[in-house]
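Visitor: If you read the protein sequences in the order shown, they are chains Z and H. Each number in the numbering used here corresponds to the 1-based position in the first sequence with 14 added. Each number in the numbering used here corresponds to the 1-based position in the second sequence with 14 added. Ideal placement from N, C-alpha and C gives every residue a C-beta, glycine not left out. These figures come from a predicted structure and were not determined experimentally.
2 protein chains.
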Amino acid sequence: MDKVETWQVVNRRLLVDRSPYARIFEHDVIMPGGETIHDWIDVELPPFAMVFALCEDGTIPFVRQYRQAALAYLLELPAGHLDDDEDPLVGAKRELREETGLEASDWTFLGRYVMDANRGCGWAYTYLARGACQVAAPNHGDVGVMSVHLLTLDETYKLWSSGGFHSGPTSLCIGLALNVLGRIV
Amino acid sequence: MDKVETWQVVNRRLLVDRSPYARIFEHDVIMPGGETIHDWIDVELPPFAMVFALCEDGTIPFVRQYRQAALAYLLELPAGHLDDDEDPLVGAKRELREETGLEASDWTFLGRYVMDANRGCGWAYTYLARGACQVAAPNHGDVGVMSVHLLTLDETYKLWSSGGFHSGPTSLCIGLALNVLGRIV
Numbered sequence: 015m016d017k018v019e020t021w022q023v024v025n026r027r028l029l030v031d032r033s034p035y036a037r038i039f040e041h042d043v044i045m046p047g048g049e050t051i052h053d054w055i056d057v058e059l060p061p062f063a064m065v066f067a068l069c070e071d072g073t074i075p076f077v078r079q080y081r082q083a084a085l086a087y088l089l090e091l092p093a094g095h096l097d098d099d100e101d102p103l104v105g106a107k108r109e110l111r112e113e114t115g116l117e118a119s120d121w122t123f124l125g126r127y128v129m130d131a132n133r134g135c136g137w138a139y140t141y142l143a144r145g146a147c148q149v150a151a152p153n154h155g156d157v158g159v160m161s162v163h164l165l166t167l168d169e170t171y172k173l174w175s176s177g178g179f180h181s182g183p184t185s186l187c188i189g190l191a192l193n194v195l196g197r198i199v
Numbered sequence: 015m016d017k018v019e020t021w022q023v024v025n026r027r028l029l030v031d032r033s034p035y036a037r038i039f040e041h042d043v044i045m046p047g048g049e050t051i052h053d054w055i056d057v058e059l060p061p062f063a064m065v066f067a068l069c070e071d072g073t074i075p076f077v078r079q080y081r082q083a084a085l086a087y088l089l090e091l092p093a094g095h096l097d098d099d100e101d102p103l104v105g106a107k108r109e110l111r112e113e114t115g116l117e118a119s120d121w122t123f124l125g126r127y128v129m130d131a132n133r134g135c136g137w138a139y140t141y142l143a144r145g146a147c148q149v150a151a152p153n154h155g156d157v158g159v160m161s162v163h164l165l166t167l168d169e170t171y172k173l174w175s176s177g178g179f180h181s182g183p184t185s186l187c188i189g190l191a192l193n194v195l196g197r198i199v
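1. Alpha carbon to alpha carbon, how far is P152 (chain Z) from L124 (chain Z)?
2. Identify every residue that forms a DSSP beta bridge with F66 (chain H).
3. Run the CB neighbour count on R27 (chain H), radius 10 Å, all protein chains shown included, and call it buried at 16 or more, exposed below.
4. Measuring CB to CB, does Y182 (chain H) end up less than 8 angstroms from L186 (chain Z)?
5. In chain order, what residues of the same chain have a beta carbon less than 6 angstroms from the beta carbon of T170 (chain H), not counting five sequence neighbours either side?
6. Starting from W174 (chain Z) and walking both ways along the alpha helix (DSSP H), at which residues does that stretch end?
7. For a contact defined as C-beta to C-beta under 7 angstroms, what are the partners of E90 (chain Z) on chain H?
8. So, is T140 (chain Z) buried or exposed, given that buried needs 16 or more other C-beta atoms within 10 angstroms?
9. What does L28 (chain H) touch in chain Z if you count any residue whose Cβ is under 7 angstroms from its own?
10. Along the stretch 105-122 of chain H, where does the CB come closer than 7 angstroms to a CB of chain Z? Name the residues.
11. So who's on the other strand from V162 (chain Z), going by DSSP bridges?
12. With 8 angstroms as the threshold, decide whether the Cβ of N153 (chain H) is near any Cβ in chain C.
13. Mind checking A36 (chain Z): buried by the 16 CB within 10 Å criterion, or exposed?
14. Could you check the C-alpha separation between R111 (chain Z) and P92 (chain Z) for me, to the nearest Å?
15. Closest Cβ-Cβ distance between H180 (chain H) and chain Z: below 8 angstroms?
16. Should S119 (chain H) go down as buried or exposed, given a rule of 16 or more other Cβ atoms within 10 Å for buried?
17. Within 8 angstroms (strictly less), CB to CB, does V199 (chain Z) reach chain H?
18. Give me whichever residues DSSP pairs with R126 (chain Z) in a beta bridge.
19. Report the CB separation of L89 (chain H) from H163 (chain H) in whole angstroms; it is logged as a contact under 8 angstroms.
20. Give the DSSP-derived three-state secondary structure of L96 (chain H) in the structure shown.
21. Does the separation of the CB atoms of Q22 (chain Z) and I44 (chain Z) fall below 8 angstroms?
22. Measuring alpha carbon to alpha carbon, tell me which of Z:Q82, Z:H41 and Z:F76 ends up nearest V24 (chain Z).
23. Which of the three DSSP states, helix, strand or coil, is assigned to L28 (chain Z)?
24. Of all Cβ atoms in chain Z, is any one closer than 8 angstroms to the Cβ of D53 (chain H)?
25. Following the continuous beta strand (DSSP E) through T184 (chain H), name the residue where it begins and the one where it ends.
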């Protein structure tokens with residue numbers, strides 16, 4: 015293994031503040047060899063929880079909504095930003111209930127992942143939730159029209175393996191969950 | 015399916031310009047119902063290609079480098095930004111050769127994915143490359159110390175399924191590639 019030599023951040027400047035949605039920072043970095051990189055952009059987006067929920071009837075709930083970065087409607091796993099210092103599992107349960115009206119009995123953590131290793135762009139906390147049941151109607155407070163769509167495991171697998179889920183975090187979480195479920199061959 | 019009603023972007027402003035690495039925009043959005051969202055942040059990062067390369071000896075090359083957003087050294091699949099209008103497959107081959115010195119004979123596209131469906135943060139073009147062979151020494155021009163590490167399929171699978179790859183795009187691409195290789199059960 016290489017010697018662990020970290021980068022030293024200096025002159026950190028806040029360029030754009032749209033808290034709590036986004037903050038853009040810029041800083042200089044002094045590298046282990048002494049070289050300095052100027053004007054390094056750091057994109058601070060909130061951490062979020064994402065849930066692959068397997069219902070007792072074998073279906074998986076997805077949410078469909080217009081997504082500005084894709085200029086299209088996307089089918090995605092239920093997900094949402096964590097509140098300040100919120101436990102990621104608590105946030106995952108909250109988002110699943112808000113977006114789909116489901117609660118689940120059996121939760122498995124699938125890992126935490128940074129969306130851009132250079133810039134940040136938020137950390138995803140990914141979960142598999144088994145034994146999901148409808149307990150309420152969806153009650154999301156997000157902007158725009160959002161609808162819930164139920165796919166079977168087969169439909170989910172086929173769409174995922176053909177590259178049909180264009181949200182990176184969604185496709186990441188589906189792969190991890192299908193693996194735990196022993197569903198990928 | 016819902017009626018396809020897109021959002022209308024108005025008053026687009028460039029807030030931060032660090033081309034070609036990052037541009038931060040802000041705009042207002044008029045939604046289908048007429049509601050306006052002000053000051054929507056859009057993070058434009060370059061598209062990138064990422065490669066899960068399977069060598070003829072059964073190993074997979076990873077690159078290890080310090081990553082500012084994780085404040086740690088991360089093990090990631092070879093990847094890099096696409097040049098202007100560069101074909102993603104051409105970019106994937108270039109990045110694999112630059113970062114590892116490998117060339118591969120058999121390429122499979124695994125899909126394109128946006129890292130943040132709200133903000134953007136770059137699109138990943140993911141590939142599986144089989145029949146990879148060493149043809150040169152690595153010759154990367156990136157900043158900092160980068161080293162190549164070879165893992166077996168078993169090692170890759172174990173680390174991936176335990177959440178050990180903290181880069182979102184890397185874990186996404188590993189799952190898609192292991193599925194095509196029939197390696198996940």
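Guide: Straight from the coordinates:
1. 24 angstroms
2. H:L142
3. exposed
4. For the record, residue 182 (chain H) in the displayed sequence is Gly; it is not Tyr. In contact: G182 (chain H) and L186 (chain Z) (Cβ atoms closer than 8 angstroms).
5. I74
6. L167 to S175
7. A131
8. buried
9. Ordered by position in chain Z, no residue passes the 7 angstroms Cβ test against L28 (chain H), which lies about 11 angstroms from the chain.
10. none
11. Z:V77
12. Chain labels in this structure do not include chain C; the protein chains are Z and H.
13. buried
14. 9 angstroms
15. yes
16. exposed
17. For V199 (chain Z), the predicted structure reports a pLDDT of 43, less than 50, and the residue's modelled location is therefore unreliable. The matter cannot be settled from this model.
18. Z:Y139
19. 6 angstroms
20. coil
21. yes
22. Z:H41
23. strand
24. yes
25. From DSSP, T184 (chain H) is part of no beta strand (DSSP E) but of the alpha helix (DSSP H) over G182 to V194.
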